[in-house]
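Enquirer: So that we are looking at the same thing, I have put the structure below in structure tokens.
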Amino acid sequence: MICRIISVKIFLLLNFFTSSFGLFNVSLSTIFNENKPLVGFALTTFEKILNPKAAPTSLNTAGFTSKLTKLLARVKHIPPQVYFTTHQHILQHGYPAEEHFVVTPDGYILTVNRIAGPRHSRGRSRSPDVVLLMTSVISSSSDFILDAPDSLGYVLADAGYDVWLGSNRGTREGRNHTRLNPDKDKRFWNFSLDEIARYDYPALASYITRHAGVERFFFVGFSAANRCLFMSASLPNSFMNKIRMVVSLAPMIGTENPSLFMKFFSKFIDDDIVQGVLEQFNGGQFYHGNDFMKSLLYIACSDRSKLRPICLYFTKFTGGVHKGYLGKDRLAFGLNSALSGASNKAIEHITQINLTPDLRMYSYGAGNMAVYGTETSPVYNLSLVSAPIALVVSPKDQVTHIRDLAYLRKSLPNVVATHVVQQRDYGHLDLIYADNARKSVYDNVLQLMRQY
Ligand SMILES: *[C@@H]1O[C@H](CO)[C@@H](O)[C@H](O)[C@H]1NC(C)=O
Ligand SMILES: *[C@@H]1O[C@H](CO)[C@@H](O)[C@H](O)[C@H]1NC(C)=O
Ligand SMILES: *[C@@H]1O[C@H](CO)[C@@H](O)[C@H](O)[C@H]1NC(C)=O
């Protein structure tokens with residue numbers, strides 16, 4: 021019995037880590053893609069071993085991973101909310117929700133969610149105060165709406181804002197395309213932050229101003245979203261003049277003082293051999309937070325899991341998480357939202373930027389000469405980031421270190437406010453996932469926005 025539990029947990033743990041690099045998804049789907057009778061038999065047997073008393077399930081959905089997902093959800097009692105879309109979460113929490121689709125000039129179809137009014141309202145009286153929320157490039161728009169009424173999306177909606185949750189290509193909300201199939205076409209995954217800044221952000225900005233009927237809007241960005249926004253200022257279709265004000269949560273440019281972890285991780289990823297191996301294994305897709313991966317993460321990191329301390333340690337090490345996070349499976353939901361999907365190239369681009377002070381275009385190494393006509397990739401011009409910016413930083417952030425604050429203030433031309441979170445143990449992810457972020461962060465964000 022104990023042996024069985026240990027081996028199942030080890031199996032899950034192993035998958036959790038290999039999946040971070042997209043290996044597991046792809047190998048599984050290539051090996052077991054078909055509805056093979058043997059696979060069905062193995063699954064039924066597996067279920068009987070795990071849960072001898074349960075009646076047999078009819079596993080008739082195609083595909084191995086979706087079968088395994090259903091099985092896991094059943095035997096491990098995973099709540100249905102784990103698989104909810106952003107739209108479903110908003111509706112469930114009693115807010116008026118709309119779902120929109122924005123098509124970029126290069127064919128990506130991005131799902132955009134709107135919270136069109138306060139809780140229990142009908143969302144018909146449109147507010148002139150429009151805000152676009154963007155999260156990190158690997159994360160889901162659900163980052164801002166997991167915990168009603170205390171998540172930033174709801175706080176803003178209840179305060180009278182017309183709230184739009186944007187998404188970028190490669191996340192769960194950005195896996196559709198007019199021509200390409202993310203599961204089959206490698207070309208779908210040929211993008212870095214440059215394309216997100218060049219195509220996704222301006223498309224979102226113009227869609228939202230058109231549909232909300234406003235000239236200008238607020239922009240709230242978390243983590244790498246700030247990089248994309250700052251990059252977009254240098255591009256021909258810059259929308260800086262449409263922005264009333266930017267709230268930069270955990271702002272980033274490059275970094276003058278990368279942490280030891282960042283150095284190690286970035287050097288590892290930005291290695292040609294590692295990139296080659298990754299590309300072979302995952303076809304350009306770094307991570308896919310599909311229902312199966314969500315199940316594994318939930319099982320490993322839910323409040324009742326024995327592996328929770330490992331999840332907490334891992335998160336603390338990479339993102340910084342304060343002591344809270346108990347109740348409501350907050351850590352599991354947070355991580356499932358944080359890890360949504362991205363391309364190898366985008367992650368590699370992030371690691372490149374993490375090692376230099378500048379915000380540069382994706383570097384092709386020796387290939388730069390052919391692509392850009394220079395030996396190093398071009399630098400984005402930060403003096404074009406003309407919108408007023410409020411910087412909101414955590415004291416214990418391991419990703420965007422507070423040491424870089426002076427550098428940020430010096431590099432960005434129009435910083436109008438700086439807010440360092442009072443709570444001393446606050447880290448990177450706490451700005452959007454912590455149980456007390458409303459008091460520590462969002463009340464202040466509201467106050468800043470009211471002045472513009
Ligand atoms: C992808 O977008 C097209 C066009 O908007 C839509 O018809 C289709 O249902 C979408 N596919 C998915 C899986 O969302
Ligand atoms: C990827 O995109 C870049 C520029 O956007 C292009 O130069 C390159 O040929 C593309 N690579 C592949 C394999 O399609
Ligand atoms: C950056 O933009 C500013 C404002 O347009 C311009 O004066 C400056 O020359 C630019 N810097 C570079 C390096 O292109």
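Take 21 as the starting number for the sequence shown in our numbering and just add one per residue.
Ideal Cβ positions, reconstructed from N, Cα and C, are used throughout, including at glycine.
#1: For Leu359, collect the residues of the same chain with a Cβ closer than 8 Å to its Cβ; drop the 5 residues on either side in sequence, then sort them by chain order.
#2: How is the alpha helix (DSSP H) around Ala93 delimited, first residue to last?
#3: Per DSSP, Trp184 is paired with what?
#4: Would Arg146 and Asp203 be called neighbours here (beta carbons separated by less than 8 Å)?
#5: Pull up the distance between the alpha-carbon of Asn201 and that of Val441, whole angstroms please.
#6: Is Gly304 helix, strand or coil by DSSP?
#7: Let me know if Ser268 comes out buried or exposed under the rule of 16 or more other beta-carbons within 10 Å of its beta-carbon.
#8: Return the CA-CA distance between Thr396 and Leu466, expressed in angstroms with no decimal places.
#9: Kindly provide the chain-ordered list of residues whose Cβ lies closer than 6 Å to any non-hydrogen atom of ligand 1.
#10: If you draw a straight line from the C-alpha of Asn456 to the C-alpha of Gly114, how long is it?
#11: Looking at C-alpha atoms only, which residue of Lys365, Gly190, Leu88, Asp163 is the closest neighbour of Asp290?
#12: Cβ-heavy atom distance between Leu379 and ligand 3 below 7 Å?
#13: In angstroms with no decimal places, state the Cα-to-Cα distance between Lys56 and Phe84.
#14: Would you mind giving the Cβ-Cβ distance between Tyr400 and Ser254, rounded to the nearest angstrom? I have them listed as a contact below 8 Å.
#15: Report the CB separation of Leu152 from Leu92 in whole angstroms; it is logged as a contact under 8 Å.
#16: Return the residue from the list Gly393, Arg423, Asp205, Val436 that minimises the CA-CA distance to Ala407.
#17: Smallest Cα separation from Phe242: which of Val234, Met251, Ser156?
#18: Considering Gly173, what are the terminal residues of the alpha helix (DSSP H) in which it resides?
#19: Helix, strand or coil for Leu466 per DSSP?
#20: Between Pro271, Ala217, Glu276, which has its C-alpha nearest Phe259's C-alpha?
#21: What are the complete beta strand (DSSP E) segments, minimum 3 residues, inside the region 188-251?
#22: Does the Cβ of Ser363 lie closer than 7 Å to at least one heavy atom of ligand 3?
#23: When we look at the beta-carbon of Ile135 and count the other beta-carbons within 10 Å, is it buried (16 or more) or exposed?
#24: From the DSSP output, which residues share a beta bridge with Phe121?
#25: Quick one: what's Leu111 bridged to in DSSP?
#26: Looking only at DSSP bridge pairs, what is His269 linked to?
#27: Checking 8 Å against the spacing of the C-beta atoms, do Phe301 and Ile263 come in under that value?
#28: Which same chain residues end up closer than 7 Å to Glu299 when comparing Cβ atoms and leaving out the 5 residues on each side of it in sequence?
Expert: On the basis of the supplied data:
#1: Here residue 359 refers to the residue found at position 339 when the sequence shown is read from its first residue. These residues qualify, in order along the chain: Ser40, Ile158, Ser159, Tyr307, Gly309, Met313, Leu317.
#2: Along the sequence shown, one-based indexing puts residue 93 at 73. Run containing Ala93: 84-95, per the alpha helix (DSSP H) assignment.
#3: As a first step, residue 184 is located in the sequence shown; it is residue number 164 there, counting from the start. Beta-bridge partners assigned by DSSP to Trp184: Arg134, Leu152.
#4: Reading the sequence shown from its first residue, position 126 is the one you call residue 146. Reading the sequence shown from its first residue, position 183 is the one you call residue 203. Their beta carbons are not under 8 Å apart, which means Arg146 does not touch Asp203 by this criterion.
#5: One-based indexing of the sequence shown puts residue 201 at position 181. One-based indexing of the sequence shown puts residue 441 at position 421. Taking the straight line joining both Cα atoms gives about 42 Å.
#6: By 1-based counting over the sequence shown, the position of residue 304 is 284. Coil, per DSSP.
#7: Indexing the sequence shown from 1 puts residue 268 at position 248. The residue in question, Ser268, is buried, as its Cβ has 16 or more Cβ neighbours within 10 Å.
#8: Position 376 of the sequence shown, counting from 1, holds the residue named residue 396. Position 446 of the sequence shown, counting from 1, holds the residue named residue 466. If you take the alpha carbons of Thr396 and Leu466, they lie about 41 Å apart.
#9: In chain order, the hits are Phe121, Ile129, Asn196.
#10: Translated into positions along the sequence shown, residue 456 becomes position 436. Translated into positions along the sequence shown, residue 114 becomes position 94. Between Asn456 and Gly114, the C-alpha separation is close to 21 Å.
#11: Working through the sequence shown from its first residue, we reach residue 290 at position 270. Per the Cα distances, Lys365.
#12: Taking the sequence shown and counting its residues from 1, one reaches residue 379 at position 359. Because no heavy atom of ligand 3 lies under 7 Å away, the Cβ of Leu379 does not count as near it: no.
#13: For the purposes of this step, residue 56 is identified with residue 36 of the sequence shown, where counting begins at 1. For the purposes of this step, residue 84 is identified with residue 64 of the sequence shown, where counting begins at 1. Annotation note: pLDDT 44 at Lys56 (below 50); position unreliable, coordinate value reported separately. Rounded to whole angstroms, Lys56 to Phe84 spans 8 Å at the Cα level.
#14: One-based indexing of the sequence shown puts residue 400 at position 380. One-based indexing of the sequence shown puts residue 254 at position 234. Yes, Tyr400 and Ser254 are in contact; Cβ-Cβ is about 5 Å, under 8 Å.
#15: On the sequence shown, residue 152 is found 132 positions in, with the first residue counted as 1. On the sequence shown, residue 92 is found 72 positions in, with the first residue counted as 1. Not a contact, Cβ separation roughly 35 Å.
#16: Counting from 1 along the sequence shown, the entry for residue 407 is found at position 387. Per the C-alpha coordinates, the member of Gly393, Arg423, Asp205, Val436 positioned closest to Ala407 is Val436.
#17: To locate residue 242, count along the sequence shown from 1; it is residue 222. If we check each option's Cα against that of Phe242, Ser156 comes out closest.
#18: By one-based count along the sequence shown, residue 173 stands at place 153. Its alpha helix (DSSP H) spans residues 172-178.
#19: Taking the sequence shown and counting its residues from 1, the one referred to as residue 466 is at position 446. The answer is helix: DSSP assigns Leu466 an H, G or I state.
#20: Residue numbering aside, residue 259 sits at position 239 when the sequence shown is read from its first letter. Ranking Pro271, Ala217, Glu276 by Cα distance to Phe259 puts Ala217 first.
#21: 237-242
#22: By 1-based counting over the sequence shown, the position of residue 363 is 343. Answer for Ser363: no, Cβ out of range of ligand 3.
#23: Here residue 135 refers to the residue found at position 115 of the sequence shown. Answer is buried; the Cβ neighbour count reaches 16.
#24: By 1-based counting over the sequence shown, the position of residue 121 is 101. Answer is Thr131.
#25: Position 91 of the sequence shown, counted from the start, is the residue given in the question as residue 111. In DSSP, Leu111 forms no bridge with anything.
#26: What you label residue 269 is simply residue 249 of the sequence shown in a count that begins at 1. The amino acid occupying residue 269 in the given sequence is Leu; His does not appear at that position. Leu269 pairs with Phe242, Val412.
#27: To locate residue 301, count along the sequence shown from 1; it is residue 281. To locate residue 263, count along the sequence shown from 1; it is residue 243. Their beta carbons are not under 8 Å apart, which means Phe301 does not touch Ile263 by this criterion.
#28: Walking along the sequence shown from the start, residue 299 turns up at place 279. Asn364.
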